[in-house]
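J.: Submitted below is the structure of interest, expressed as structure tokens.
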Amino acid sequence: MAETRNMVVNMGPQHPATHGVLRVVLELDGETVVKATPHLGHLHRGLEKLAETKTYHQALTLTDRMDYTGALLNNLGYSLAVEKLLGIEGEIPDRANVLRVCLCELQRIAGHLLWLASHALDIGAMTVLFYSFRERETVHDILEQATGARLTPSFIRAGGLAQDVPPVFFEKAKAFVKEFPGRVDEYERLLTNNKIWRSRTEGIGILTKEQCVQYSLTGPVLRAAGVKWDLRKVQPYSGYETYDFEVPTGTIGDVFERYLVRLAEMRQAIRIVDQALQRVPPGPVMLDDPRFTPPAKQDVYEHIEALIRQFKLMSAGFKAPVGDVYMSVEATKGELGYYLVSDGTEKPWRFRVRPPCFINLQSLEEMCVGRLVADVIAVIGSLDIVLGEIDR
Numbered sequence: 014m015a016e017t018r019n020m021v022v023n024m025g026p027q028h029p030a031t032h033g034v035l036r037v038v039l040e041l042d043g044e045t046v047v048k049a050t051p052h053l054g055h056l057h058r059g060l061e062k063l064a065e066t067k068t069y070h071q072a073l074t075l076t077d078r079m080d081y082t083g084a085l086l087n088n089l090g091y092s093l094a095v096e097k098l099l100g101i102e103g104e105i106p107d108r109a110n111v112l113r114v115c116l117c118e119l120q121r122i123a124g125h126l127l128w129l130a131s132h133a134l135d136i137g138a139m140t141v142l143f144y145s146f147r148e149r150e151t152v153h154d155i156l157e158q159a160t161g162a163r164l165t166p167s168f169i170r171a172g173g174l175a176q177d178v179p180p181v182f183f184e185k186a187k188a189f190v191k192e193f194p195g196r197v198d199e200y201e202r203l204l205t206n207n208k209i210w211r212s213r214t215e216g217i218g219i220l221t222k223e224q225c226v227q228y229s230l231t232g233p234v235l236r237a238a239g240v241k242w243d244l245r246k247v248q249p250y251s252g253y254e255t256y257d258f259e260v261p262t263g264t265i266g267d268v269f270e271r272y273l274v275r276l277a278e279m280r281q282a283i284r285i286v287d288q289a290l291q292r293v294p295p296g297p298v299m300l301d302d303p304r305f306t307p308p309a310k311q312d313v314y315e316h317i318e319a320l321i322r323q324f325k326l327m328s329a330g331f332k333a334p335v336g337d338v339y340m341s342v343e344a345t346k347g348e349l350g351y352y353l354v355s356d357g358t359e360k361p362w363r364f365r366v367r368p369p370c371f372i373n374l375q376s377l378e379e380m381c382v383g384r385l386v387a388d389v390i391a392v393i394g395s396l397d398i399v400l401g402e403i404d405r
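Residue numbers (the numbering used here): 14 to 405.
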């Protein structure tokens with residue numbers, strides 16, 4: 014009798030559908046997956062340890078480099094953690110809170126658009142890439158008007174925002190609010206009832222509610238399985254409890270329902286942006302606290318005291334009270350949490366991140382075993398991973 018052996022194949026880290034330097038070791042019986050082991054560590058910048066060598070202000074720029082498709086959400090999570098550590102979380106100006114929500118929901122849309130473009134391209138639907146990148150460029154134009162950067166703005170800071178947004182931001186954002194729902198309709202016409210798309214995604218990579226909870230999954234992957242868990246609703250921050258929006262969920266938890274949930278989330282995000290734009294109050298966008306926050310730029314140019322304060326804060330930083338805090342936000346991929354430990358100096362003694370991509374990737378083998386190699390591509394795309402956030 015002839016001997017049969019399984020074949021071991023490396024998918025990645027150079028494979029474009031692994032969305033970065035992810036290496037998955039596949040054990041195959043023909044084209045059927047017997048085992049799938051994700052190997053992390055090809056991207057290792059030691060970001061958390063690096064942050065421990067920076068002051069609290071300086072460490073902010075490192076958060077942009079984690080999930081670089083949702084940098085403003087990273088900024089927000091970190092800034093909220095620092096504010097909680099300093100005990101100033103209830104003192105943030107109203108204008109800053111509303112603009113934070115508006116900017117973060119625009120960033121959520123940009124992140125989901127990049128996911129849709131790359132996920133569809135991985136499965137062979139090239140046209141969707143051109144459609145979704147059209148809107149993503151528009152969002153980045155709007156964010157650039159506000160922050161001066163397109164990808165890594167470091168704009169949301171402890172105490173508020175780096176600066177106020179210009180009037181043109183509101184003009185462009187309001188125009189986008191009117192236009193975007195019709196664009197999502199276009200994506201649906203291209204994919205939702207497309208026979209090839211449905212055959213490649215329906216019934217693939219199923220995760221039950223129980224499995225999602227077992228693996229500590231969050232975000233659209235968890236909600237597609239039918240768990241209505243969104244930190245903006247269950248543990249609201251930055252005033253999210255005052256906004257009217259729904260939490261889309263699925264029932265089966267397959268690749269197709271993860272797609273539907275993210276499309277629905279884009280529709281809800283634009284609702285939140287619309288509400289935020291209508292309620293932006295006048296006032297400052299940065300808390301005026303000489304201990305922790307820099308002065309207004311105009312004051313720096315005109316007053317020596319403000320110049321000294323600016324120089325001192327940016328070069329030496331500030332001393333945080335001794336203690337530890339954990340703060341998390343609902344990022345595009347799921348729960349993004351920051352754990353900070355302070356020993357009373359200007360630098361965090363411990364800086365740890367709970368990245369949703371890293372946690373969600375645990376479930377890869379569960380979804381792939383028994384499926385075909387082609388299904389592995391669809392499953393990885395449905396997780397929406399960014400390796401910059403995994404960084405282990």
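From the three backbone atoms N, C-alpha and C, an ideal C-beta is built for every residue, glycine too. Fair warning: this is a prediction, and the values are worked out from it, not measured in the lab.
#1: Going by beta-carbon coordinates alone, are F146 and R211 separated by less than 8 Å?
#2: Give me, in chain order, the residues of the same chain whose beta-carbon lies closer than 8 Å to that of Y81; leave out the 5 immediate sequence neighbours on both sides.
#3: Using the rule of at least 16 other Cβ atoms within 10 Å of the residue's Cβ for burial, across every protein chain shown, is P307 buried or exposed?
#4: Just list the residues that DSSP pairs F364 with in beta bridges.
#5: Between T31 and I393, how many whole angstroms is the CB-CB distance? I'm expecting something under 8 Å.
#6: Quick one: Cα of P179 to Cα of T151, how far?
#7: Tell me, to the nearest whole angstrom, how far the beta carbon of N88 is from that of M79; I am working on the premise that it is less than 8 Å.
#8: Roughly how many angstroms separate the alpha carbons of I155 and K185, rounded to a whole number?
#9: Taking contact to mean at least 3 C-beta pairs separated by less than 8 Å, is the region 20 to 40 in contact with the region 330 to 342?
#10: Going residue by residue through the region 89 to 159, where are the continuous beta strand (DSSP E) segments of at least 3 residues, counting only ones entirely within it?
#11: Please specify which runs of the alpha helix (DSSP H), each continuous and at least 4 residues long, are wholly inside the region 278 to 338, giving them in chain order.
#12: On a Cα-Cα basis, can you pick out the residue from R384, A344 and R363 that is closest to G124?
#13: Buried or exposed: which applies to T221, given that a residue is buried once 16 or more other Cβ atoms fall within 10 Å of its Cβ?
#14: Which residues in the same chain have their Cβ closer than 7 Å to the Cβ of L112, if we skip the five residues on either side of it in sequence?
#15: Do L53 and E47 come within 8 Å of each other at the CB atom, strictly closer than that value?
#16: If distances are taken between C-alpha atoms only, which option among A72, G43 and A109 comes closest to L300?
#17: With H70 as the anchor, note down where its beta strand (DSSP E) starts and where it stops.
#18: Does N23 come out as helix, strand or coil in the three-state DSSP assignment?
#19: Whole angstroms is fine: what's the gap from E318's alpha carbon to P334's?
T.: Walking through what the data contain:
#1: no
#2: L164, T165, V399 and G401
#3: With at least 16 other beta carbons inside 10 angstroms of its own, P307 counts as buried.
#4: Under DSSP, F364 forms a beta bridge with L353.
#5: 6 Å
#6: Going by the C-alpha atoms only, they are around 17 Å apart.
#7: With a Cβ gap of about 10 Å, N88 and M79 do not count as contacting.
#8: 6 Å
#9: Judged by Cβ distances under 8 Å, the region 20 to 40 makes no contact with the region 330 to 342, as fewer than three pairs qualify.
#10: none
#11: 310 to 315 and 317 to 329
#12: The candidate whose alpha carbon is nearest that of G124 is A344.
#13: When all chains shown are included, T221 counts as exposed.
#14: L174, V178, V293 and V298
#15: Note on identity: in this sequence residue 47 is Val, with Glu being the wrong assignment. Going by C-beta atoms, V47 is not nearer than 8 Å to L53.
#16: A109
#17: Run containing H70: none in the beta strand (DSSP E); it sits in the alpha helix (DSSP H), Y69 to D77.
#18: strand
#19: Taking the straight line from one Cα to the other gives about 25 Å.
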